[in-house]
Amino acid sequence: NEARSKSKMTKYYNSRVRGVAFQPGNLVYRSNDASHAAAGGKLGPKWEGPYE
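Residue numbering for the sequence shown is 4 to 55, as defined by the working numbering.
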């Protein structure tokens, strides 16, 4: 029963997720969590960029 439930959740998740392919020259934002940005607290920026 647990395995069936897990399989159902996995199928639901995978049906809604889509892959992202970046090409050279695309502009992207980067999460501040990834770069350990200066403490801005709750009101600080969540993203940095855009980067090419």
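Glycine included, every Cβ here is placed at the ideal spot set by N, Cα and C.
A direct Cα-Cα distance of roughly 13 Å separates residue 11 from residue 19.
Listed in chain order, the alpha helix (DSSP H) elements of length 4 or more contained wholly in the segment 15 to 49 are 35 to 38.
Counting only the Cα atoms, residue 27 lies some 20 Å from residue 50. By a beta-carbon distance limit of 8 Å, residue 48 contacts residue 35. Their separation comes to about 6 Å. For residue 51, the beta-bridge partners assigned by DSSP are 33.
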